[in-house]
Amino acid sequence: MKINIEFIPSKNGEETLKINEYFVHSKYNPNKEAEQLIHNQYTPHHTHIIFGYGCGYIVDALLKRRSFEETIIVIDPLFDNQTLKPKHQALNLFMFDSTAISVLELYINKIATNTRVTFKIICTSNYEKLFPNQYKELLKKIVDIQYKNRTNDYTILRYAKDWQRNFIENLQNLNVDCTIEGLYKTYNCPVVVASGGPSLTKQIPLIKKYRKYMILISAGSTTNSLVSNGIEPDYVVTIDGGEPNYHHFKNLLLKNAEIIYSMQSHYMVRKSFEKKGFVIGTNGFKKLAKYLDNEVGLKFPVLEYGGSVAHSAFNVAHFITTGPIALIGQDLAYTDNLTHATSNKNARGIDEAFIKEHEAFQIEGYYGELVWTNPVFQSMKLDFEALIAVKKPDVPFYNCTEGGVKIKGFEQMSFEDFLKQFVSKIEETKVIKVNDINLNLDINNNLKHMLNNLNELKVFLNKGLIVIEKIELSNQIDKKALKKLDNLERNINKLLDKIPMEPMTNSITIDILSNYLPEENETTVETYKRVNRQTKALYTQLQDAINYTEQCIKNVFENSEVENNE
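Going letter by letter, the sequence shown gives residues 0 to 565 in numbering that gives the first Met the number 0.
Given below as structure tokens:
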């Protein structure tokens, strides 16, 4: 579309802007119009996204109106070729051209980390008519980000205790297993990553036919579908920490497959594998990784995991091979109105009631058709697209699902064509020697040291709650009490850096950040009382986290004694 822009004086002498046949500001009083718009649209503690910079009146009004220096993101297609040039500079103000929309999540993760679902979109007048495609793309992108963040936050809250327990329990396995570092680029053959979507069923005959000429990685519970068809994978990747993941493996005993697991994976899953395994570290927990490095002496290679076991399996694949990678069964949709491959324990058909219950909606499918998906699948799709945008694999990769959703950035190829093109007739020999490393770790000593730190942390938290109780009884600001709390907080933070409780503290942080936000025009006394309530809630929840972690450690010691006596 050809763009003609014209700056015209408004009735009050301020400059207004005409783009093609549309005015994007008032012809009478642009500044007042912008102030009224922001008066109605501004929402405290939200990231505001302005579509259309124009002459900058809306940006100016929002900068004056915002109460907490919230992030402001301005996107204007006219920045693309510098048809318009922004004039504003301010704290937490960011300007992008329309090419940023496709990777907006990456920018938001950098510049508005704490914004999960609280976005406010403001469209400059007539920009939605001038640039309808970009505006629709922006709206969809924000909805996708909200879906994903809501899902991720729910997962953190739901599985915090499971992940904490699994981390403590899996520490014991570090004496038996080794890090995935030993598998780095050890293969040059095709690697097939199998997930349990409905389209996996039709690929089973091809897997059997070419089984000797590939490395087969199973993503989590997909293992049941493979085993029920007489196929044992080379590697099984598991990161899920909940009981359902354990039940998928409970009745399996895999003699040849090797487990590749994160420290958050359900600790009982490990018992289903006879061979030694590989650890891929801590999925998204930087403080746990720091603990393993500093306290245990283990450093894990950095893999971009994504949010699901399928993402982890994909990243493991291009970590271990210099050859091509195929995704199969990665439907992320209800292909043929099914939830899973027919051999999966959870497979079932879908109907209108199911669609409503799971908030299903239709998006573009593998072949360009419309397919049913849901917010969780959509979040996983976005993660795949973000993974290859952040760090593109250094090997060829293909989506050979032949069903489900279209994943942008993945070249599509039929599974049969992939196998015919890339497999050789030389059987691949699995690497078997890297597992012989014995780390000789004293995990029991680490756990005892952890208990000591937890007890010390308890003491500081109890002292802090006593000070907080004293503050609550006073109607005045007690500076001495605040100073005591500051000193205690420093000691508490030092200990939290040494104790691997990040799964628990992350869930606490979500609650604290969302439920104790400052009000507009808050007085000093009101701020004082709010921060006191916030600190009390934080310390109380940390006490609960400590008690739970202590119990997890004691369970490890008790189970170890039972095993030694048997």
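Just so it is clear, CB atoms sit at the ideal spot from N, CA and C, and this is done for glycine as well.
Nearest to LYS497 by CA position, among ALA316, LYS355, ILE425 and LEU291, is which residue?
LEU291
I'd like the span of the beta strand (DSSP E) that includes VAL235, first residue to last.
Start and end: 234-237.
Out of curiosity, what's the CA-to-CA distance linking PRO189 and MET412?
Answer to the nearest angstrom: the Cα atoms are 14 angstroms apart.
Contact under 7 angstroms by Cβ, ILE49 with VAL73:
yes
Which complete alpha helix (DSSP H) runs does the region 412-470 hold, if anything under 4 residues is left out?
414-421
Residues near GLU519 in its chain [Cβ-Cβ closer than 8 angstroms; skip 5 each side]:
PRO43 and SER66
Residue span of the beta strand (DSSP E) that contains ILE214, given as start and end
Residues 214-218.
Residue ranges of each alpha helix (DSSP H) run of no fewer than 4 residues wholly in the region 339-385, ordered along the chain?
351-356
Bridge partners - ILE576, DSSP secondary structure assignment
For residue 576 there is no data in the structure shown, the boundaries of the chain being 0 and 565.
From ILE121 to HIS24, what distance separates their C-alpha atoms?
In this model, ILE121 and HIS24 are separated by some 14 angstroms (Cα to Cα).
I'd like to know whether the C-beta atoms of THR114 and THR46 end up nearer to each other than 7 angstroms.
yes
Hey, is the region 499-509 in contact with the region 154-173, meaning 3+ C-beta pairs nearer than 8 angstroms?
yes
Report the three-state DSSP secondary structure of PRO8 (helix, strand or coil).
strand
Start and end residues, alpha helix (DSSP H) containing PHE95
Where PHE95 is concerned, there is no enclosing alpha helix (DSSP H), although the beta strand (DSSP E) it sits in stretches over 92-95.
Tell me which same chain residues have a C-beta within less than 6 angstroms of the C-beta of SER41, skipping the five on either side of it?
Going by the sequence as given, residue 41 is Tyr instead of Ser. Within the same chain, TYR41 has close Cβ partners ARG64.
On the premise that LEU302 lies in contact with ASN398, defined as a C-beta separation below 8 angstroms, what is that separation, rounded to the nearest angstrom?
About 20 angstroms separates the two Cβ atoms, so there is no contact after all.
Cβ distance (whole Å) where VAL268 is taken to contact TYR245 below 8 angstroms:
That pair is a contact at about 6 angstroms.
Please state whether DSSP places VAL175 in a helix, a strand or coil.
coil
Mind reading off the beta-carbon distance from ASP59 to HIS38? Whole number of angstroms is fine, and I expect it under 8 angstroms.
The Cβ separation is near 14 angstroms, so there is no contact.
Look up ILE258 in the DSSP assignment and give the residues it is bridged to.
VAL235
Taking only the alpha-carbon atoms, compute the straight-line gap between LEU205 and GLU180 and give it to the nearest angstrom.
Cα-Cα distance, rounded: 30 angstroms.
Alpha carbon to alpha carbon, how far is ASN492 from ARG164? Give it in angstroms, no decimals.
22 angstroms
Quick check: the Cα distance between ILE442 and THR237, rounded to an integer number of angstroms?
One alpha carbon belongs to ILE442, the other to THR237, and they sit about 22 angstroms apart.
How many angstroms separate the CA atom of GLN133 from the CA atom of PHE417?
35 angstroms
Report the partner residues of TYR21 according to the DSSP bridge assignment.
ILE18
Using C-beta distances below 6 angstroms, list every residue in its chain close to LYS298, excluding the 5 sequence neighbours before and after it, in chain order.
ASP292
Looking only at its chain, what residues have a beta carbon closer than 6 angstroms to the beta carbon of PHE248, apart from the 5 residues adjacent to it on each side?
VAL268 and SER271
For LEU103, list the residues DSSP reports as bridge partners.
Paired residues: none, contrary to the question.
Under 6 angstroms: does the beta carbon of ASN187 sit that close to some heavy atom of the ligand COA?
This structure simply doesn't include the ligand COA, nor any ligand for that matter.
Could you work out which residue in GLY53, MET0, LYS31 and ALA33 is closest to ILE7 when comparing CA atoms only?
GLY53
Are PHE118 and ILE141 closer than 7 angstroms when you measure CB to CB?
yes
Endpoints, the alpha helix (DSSP H) within which ILE72 is located
Where ILE72 is concerned, there is no enclosing alpha helix (DSSP H), although the beta strand (DSSP E) around it starts and stops at 71-74.
Spatial neighbours of GLY51 within its chain, please: C-beta separation below 6 angstroms, excluding the five flanking residues on both sides.
ASP75, THR123 and TYR126
Quick one: what does DSSP say THR46 is sitting in, helix, strand or coil?
strand
Could you give the DSSP three-state label for CYS122: helix, strand or coil?
Strand at CYS122.
Any idea what DSSP makes of VAL58, helix, strand or coil?
helix
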